[in-house]
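The next block holds one structure in the form of C-alpha cells; read it before the comments.
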Amino acid sequence: MKRFQVVAAGLVFSIMALSFYGCSSSSSNPNVNIGQGCNPVSTDDCFLPFPSFYYLKQDPASATGYRVNYPQGILPVNKAGVALDPAPFNREDGFSPASQILAYFAQGVTPASLPSQNDVAASTLTTSPVQIINFTTGTRVPLFAEVDENTTPDQHQGLIIRPMIKLDNDAHYVVVILDSVQDLNGKPLAAPVPFVYLRDGQATSNGIVEGIRSRYEQLFSFLSDHGISRKHIVLAWDFTTASDSSITGHLISMRDQALAMTPTTGISYSLTVTTFTTDITSSAYNANIYKELTGTFSAPTFLDSKGYLVTDSTTGLPQYVGQAGYPILVHIPWCITDTTLPVPVMIYGHGLLGSNSEMDSGYQEGLINNGPLCMVQIGTNWIGLSESDIGNAASAVMNFNLMPLITDKLQQAQINVIVMGKLAIGALMTDTNMQFNGKPIIGNEIYYYGISQGGIEGVTFMSVDPDIIRGALGVPGSIYSIMMQRSHDFVELASVFNPSYPDPLDRLKLLSLSQYQWDFTDPISFASHVVNNPLPGTPKKQILIQAGLNDCQVPNLTTEILVRTMGIPAMDALPVSIYGIPLQPSPLDSAFTLWKVPDSTVYVPPATNIMPAQDNNVHEDIRRLTEVKDQLGLFFTTGGVVKQTCFATNGCTYFSATSFLP
151 MKRFQVVAAG LVFSIMALSF YGCSSSSSNP NVNIGQGCNP VSTDDCFLPF
201 PSFYYLKQDP ASATGYRVNY PQGILPVNKA GVALDPAPFN REDGFSPASQ
251 ILAYFAQGVT PASLPSQNDV AASTLTTSPV QIINFTTGTR VPLFAEVDEN
301 TTPDQHQGLI IRPMIKLDND AHYVVVILDS VQDLNGKPLA APVPFVYLRD
351 GQATSNGIVE GIRSRYEQLF SFLSDHGISR KHIVLAWDFT TASDSSITGH
401 LISMRDQALA MTPTTGISYS LTVTTFTTDI TSSAYNANIY KELTGTFSAP
451 TFLDSKGYLV TDSTTGLPQY VGQAGYPILV HIPWCITDTT LPVPVMIYGH
501 GLLGSNSEMD SGYQEGLINN GPLCMVQIGT NWIGLSESDI GNAASAVMNF
551 NLMPLITDKL QQAQINVIVM GKLAIGALMT DTNMQFNGKP IIGNEIYYYG
601 ISQGGIEGVT FMSVDPDIIR GALGVPGSIY SIMMQRSHDF VELASVFNPS
651 YPDPLDRLKL LSLSQYQWDF TDPISFASHV VNNPLPGTPK KQILIQAGLN
701 DCQVPNLTTE ILVRTMGIPA MDALPVSIYG IPLQPSPLDS AFTLWKVPDS
751 TVYVPPATNI MPAQDNNVHE DIRRLTEVKD QLGLFFTTGG VVKQTCFATN
801 GCTYFSATSF LP
C-alpha cells in the first residue's frame, strides 16, 4: 500500500507555500495553545476530529505499518470519575474501517447544509460539502452527515459523518469539510484557528502545529489534485484503517484451534428428552413438536472465569483455555413421522438479549412443521448479548472499559455455534434419540436461520463456518455503534448510559471508539467475505436477507450498509434501484429482499440518530408473512435459490428496491 510519508518534495512545497502566503518571522508568530495530548488541528475539542493520523505511530511490525497511540487523559470519563483506558485501543494497527467519523465546531452546524442520506450519490461529487477520499485510489466514499440530535441547546453537539459502505482495510483516507457547510446562523462554517494557520500558510510558535505542517501541505496538494481548493476547506484530516487480518484473525484462529481438537476429543453432550403428543387434552400436547431435547454440549472455550478472552501476549490472538458446557435445544417436528427421512437440520440464531427458548414460540415451531419447511431445529444461546448478559450490558454502558464482557463473549458464541453445527451433522445423526422407526431423522444437510441479533451475528457466522452453505438472515443490520443510537431496543440501556456520560459529545466518542471492539464479530467486518472473497477454510456462501421497511429495532440504514458491503443484489423486477446495490430479477443465488407490512398507518422511525419512540412491530411481523416463509422454503433446499414469492395476484406488497428512508 502506498504510505503517506514526508518526502523532500513535500518539504520544498511547504517552504514555498509559507513564502507564498507571506508568513511573518518567528519572533512575531502567533501562539496557539494546544492541551496536553490534544489533537492540534482544532481547539474546539481536545480529542476531535476522529479518527485522526495524530493518534497513530509507526510500527514496522504491524500489518499496516502503524499502531494506534492514544495518550492517557484524553478519552471520556464517566460520572463516577472512571476514564476509558486507552491500552486496549493502542493494540490496533489502524482505526476501525466501520468508524463513525466525528468532528465538533463550537459555533454549531446547520443540518440542512450537510450531505443528505436521501441523495448519497451526491456525496461522491467534488461539490459535496463533506467528503471522504481514498488517498491511494482517489475514490470518494458514499456518505451522509448529520448533527447529533440527542442534545440540548447548552450541550456540545457533534457532527457525525457516516460512510455508507465499510471502508477498505489497511487504507489511507482523507476527510474534508468545505465552507459550503453553514453554522447555526446560516453563514459559512469558520475553520478552527490552528487549522487556519495550516491552511493559510501562517507560521505559529507552537511546535506541535508546526510539526504537522509538511504533512498538511501534502494533504492540500492531494485535495487540489482532486478538485478541492484549499481556500474553501474548513477542516481536513487523514487516518489509516486497521488491517483485515487484525480484525478477522481472531475468529479464524479460534475456529481453527477449536476444529483441530474435535476429531480427537469429540463433542460431548448430555440431553434430556421430552416426547409430546397430539392429544389436545394431554399436558404433553404440542401441535408442532414431536420430540424436544434439552441439555448441554461441550465446546473449546477461550474465556477466563470472568468472561474475558485470554490472549497470547505476543500475537494478541485468543488462546484455548479448556472445555466448557453450553446450552442446547433440539426440536423435532411432527412432520418427520410422515415424510421421507432424513430431513435437514436448521441452526437457529435468536434475537437481542434472548435465548434459544425463542424456539418454543408458535412461529418457530410452526415454521419447521407446517410447511413450507420440514426440518429439525437446533439452537444455543448467543452469549455476549443473550438474556444472561443483560447485567453485563448495563454495566458496560455505564463504564465502557467493561465493553469486552460483551464483545469477547460474542467471539466465543461464534465458536459455540460452529461446534454445535459439527455436533448436529456428527454425533447427533446416530443418536438413538434422533431416530424414528429405526431410521436417522437428520442427515448432513444443514442450514442457518437467524433473526434480529441472530441475523446480525449470522453474517459473521456464515463467513467463518466451514459447513453451512445457505443462510437466511431475518431483519439483520450491522455496525453496532450506529444501531445503539437508532434502535428502539436500546432505550432501556440509554437510560443508564446517558446519565453515566452526561456529555452527548462524550457519548458519541464512546460509541465510535467501541466499534473496534465490536468489529471482531460485527457483520460489517466479515460482510465482504461471505459470498465473495471467502476467508481461509470457508467456502463461498449463498445468503438470503429478508428485511422490513421502517424497522424500529434494526435500522434500515444499517441493513443498507451491510448489503452494499456484501456486494449482493436487491431482488426485484422493478426498474428502480438503491444507490450502490444492483437490482436484479430472480432467481438469484444470494439476494437482499425488503418487505412492507400491509399497514399504511405504521409508525415511521426518525430519520435522525434519535431512538424510535415506539416499536411498530415491523421487526416481528415481517417473518410471519406467508410469502416470506414461502421464500425460505424455496431457499432451504438442495440447489435452492432466492425466488420472488410476492405478486400482485396474491395481494402482496414487495419492496426490495424502494429507498430505506422514510
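Quick note: the sequence shown uses the numbering used here, first residue 151, plus one each step.
We treat Cβ as the ideally placed atom computed from N, Cα and C, and that holds for glycine.
Judged by DSSP secondary structure, residue 652 falls outside any alpha helix (DSSP H); it is assigned neither H nor E. By the CB criterion at 8 Å, residue 792 and residue 781 fall inside the cutoff.
Rounded to the nearest whole angstrom, the C-alpha separation of residue 278 and residue 610 is 33 Å.
Using a 10 angstroms sphere on the CB of residue 241, the tally of other CB atoms stays under 16, which defines it as exposed. Of all C-beta pairs linking the region 190–205 to the region 327–344, three or more are shorter than 8 Å, placing the two stretches in contact.
Assignment of residue 348 by DSSP, reduced to helix, strand and coil, places it in the helix class. Residue pairing for residue 309: DSSP places it in a beta bridge opposite 253 and 297. Shown here for residue 582: not one same chain residue has a beta carbon closer than 8 Å to its own, the five before and five after excluded. Contact between the region 522–531 and the region 770–785 is present: three or more C-beta pairs spanning the two stretches fall below 8 Å.
Contact between residue 248 and residue 603 does not hold, since the beta-carbon distance rounds to 18 Å and is not under 8 Å. Here DSSP, grouped into helix, strand and coil, assigns residue 638 to helix. Annotated three-state conformation of residue 590 is strand, per DSSP. Counting along the chain, residue 496 sits inside the beta strand (DSSP E) bounded by residues 493–499.
A Cβ-Cβ contact shorter than 8 Å links residue 478 with residue 528. In the same chain as residue 545, and ignoring 5 residues on each side of it, the C-beta atoms closer than 6 Å to its own belong to 552, in chain order.
Pairing residue 443 with residue 575, the inter-Cα distance amounts to about 16 Å. In the DSSP assignment, residue 697 is bridged to 744.
Per the C-alpha coordinates, the member of 670, 211 and 389 positioned closest to residue 465 is 211. Taking the Cα positions, residue 680 is about 44 Å away from residue 358. Counting only runs that start and end inside the region 200–230, the beta strand (DSSP E) elements of at least 3 residues fall at 206–208 and 216–218. By a beta-carbon distance limit of 8 Å, residue 728 contacts residue 720. Their separation comes to about 6 Å. Considered as a whole, the region 498–554 harbours 512–517 and 540–548 as its complete alpha helix (DSSP H) runs of no fewer than 4 residues, in chain order.
Look at the region 314–394 and you find these whole runs of beta strand (DSSP E), each 3 residues long or longer: 322–328 and 383–390. Taken in chain order, the complete alpha helix (DSSP H) segments of 4 residues or longer contained in the region 594–627 are 603–614.
When secondary structure is reduced to three states using DSSP, residue 423 falls in the strand class. Taking 8 Å as the cut-off, the Cβ atoms of residue 299 and residue 758 count as close. Around residue 501, the same chain offers 508, 601, 602, 603 and 604 as residues with beta carbons nearer than 7 Å, after the five sequence neighbours per side are excluded. Here residue 673 is buried: its Cβ has 16 or more other Cβ atoms, across all protein chains shown, within 10 Å.
Counting along the chain, the unbroken alpha helix (DSSP H) around residue 784 starts and ends at 776–785. Looking at the DSSP output, residue 283 sits in a beta bridge with 290 and 324.
In this structure residue 591 touches residue 493 by the C-beta definition: roughly 6 Å separates them, less than 8 Å. The bridge partners DSSP lists for residue 245 are 391. Annotated three-state conformation of residue 721 is strand, per DSSP. DSSP places residue 463 in no alpha helix (DSSP H); its state is neither H nor E.
Annotated as distal: residue 408 and residue 625, with beta-carbon spacing of 8 Å or more. Looking at the DSSP output, residue 451 sits in a beta bridge with 472.
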